[in-house]
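Below is one structure, written out as structure tokens; comments come after it.
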Amino acid sequence: MLIEQLPIILLGFTLGMMHALDADHVMAVSSLSNQKPSLRRTVLFSANWAIGHGSVLVISGLLLFGLGIALPEALIHVAEMSVGVLLIVLGLYSFWQFRQQKVVITKHRHGDVEHSHWHHDEHGKDVEQTATKDGHLPVMVGVLHGLAGSAPALALIPAIGQTELSVVIGYLLMFSIGVMLSMMAFGLGLGSLQGLLKQRYDMLFYWSRRVIALASTLLGCFWLYQAV
């Protein structure tokens, strides 16, 4: 029985890895980690986001295939619009944070050569620390994405000819594990890149954060326009 269902389980894992890299998912996690970039924080945010996303998906599957209760379309539509609003808010909030930070240019000499370095005054204000204190925020964002994207994921299950509850739950669990591993891999890459830029290329790090904030705002506007 397990061997017969293995291709379906592996399909769920593969689709989950692909699903995690949807533009709205990647941008939300990037914007969250953009508040105070660090490798540990980015990977942790990625994992927490995936937990929220997977929880909603498994619960939705239990309701639909176990009790015959589907999530209301109105709720899914509101969640889709909320994703757009969320991306806009995250982007604009990042820009607000940037205004609170002091950019300091330090100069020093190596012999006759003078070097200049950009860096942020981390002690100027504690805005970034307060913005990321709540570790539940990525989970809630994941829940929102799970609500908005649950319908397509659940619609695939009857399409592959499976409605048995145990198989459905196994499929959704592997789908969620695929989402988590893929998003954590993305978070690892993003966090490592930001750490490298912060250590060696201050100006690139400075502008990369603003590019992420702008991209989040623009994608949120586009997402909201499509949802409405």
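Per our numbering, residue 11 is the first one in the sequence shown, and the count goes up by one each step. Ideal Cβ positions, reconstructed from N, Cα and C, are used throughout, including at glycine.
Between the beta-carbon of residue i and the beta-carbon of residue j, is there less than 9 Å?
i    : j    : result
R219 : N44  : yes
L154 : A89  : yes
A237 : H87  : yes
M193 : L21  : no
V148 : L228 : First, the residue type needs correcting, since residue 148 is Pro and not Val in the sequence shown. No, the pair does not count as a contact, with Cβ atoms beyond the cut-off.
L224 : L214 : no
G201 : G101 : no
G180 : I69  : no
L175 : S56  : no
L97  : M37  : yes
I222 : S40  : yes
S186 : G26  : yes
Could you spell out the range, first to last residue, of the alpha helix (DSSP H) harbouring residue i?
i    : result
I222 : 212 to 237
H35  : 33 to 44
L87  : Correcting the residue identity first, residue 87 is His in this sequence and not Leu. 83 to 110 is the span of the alpha helix (DSSP H), which, as asked, contains H87.
F55  : 49 to 71
Buried or exposed for residue i, please, with buried defined as at least 16 other CB atoms from any protein chain shown within 10 angstroms of its CB.
i    : result
G64  : buried
Q139 : Its pLDDT being 47, under 50, Q139 is placed unreliably in this model, and the value from its coordinates should be taken loosely. Counting Cβ neighbours within 10 Å, Q139 comes out exposed, since fewer than 16 surround it.
H133 : Residue placement at H133 is poorly supported in this model, since its pLDDT is 45, which falls under 50; the coordinates still yield a value, given next. Classification of H133: exposed, given that the 10 Å Cβ count is below 16.
M190 : buried
P47  : buried
L85  : exposed
L16  : exposed
L42  : buried
V151 : buried
W240 : A query on residue 240 cannot be resolved here, the shown segment of the chain reaching from 11 to 238 and no further.
A33  : exposed
W106 : exposed
G62  : buried
W59  : buried
Spatial neighbours of residue i within its chain, please: C-beta separation below 6 Å, excluding the five flanking residues on both sides.
i    : result
T142 : For T142, the predicted structure reports a pLDDT of 45, less than 50, and the residue's modelled location is therefore unreliable. A value from the coordinates is still provided. Cβ neighbours of T142 beyond the five flanking positions: Q45, K46.
I167 : V178
P82  : none
Q204 : P47
L182 : L67, V68, G71
Y235 : none
T52  : S43, G197, L200, G201
S226 : M37, S41, L97, L100, G101
K135 : The predicted model places K135 with a pLDDT of 45, which falls under 50 and marks its position as unreliable; any figure quoted below should be read in that light. Closer than 6 Å at the Cβ level, and outside the excluded window around K135, lie Q110.
Can you list, in chain order, the residues of its chain with a C-beta nearer than 8 Å to that of residue i? Leave out the 5 residues immediately preceding and following it.
i    : result
R109 : none
T24  : G188
R50  : G201
Going along the chain, which residues of its own chain have a beta-carbon closer than 7 Å to the beta-carbon of residue i, five neighbours each way excluded?
i    : result
V66  : V153, G156, L157, S160
W233 : D34, V93, G94, L97
L164 : S70, G71, L74
G76  : L175
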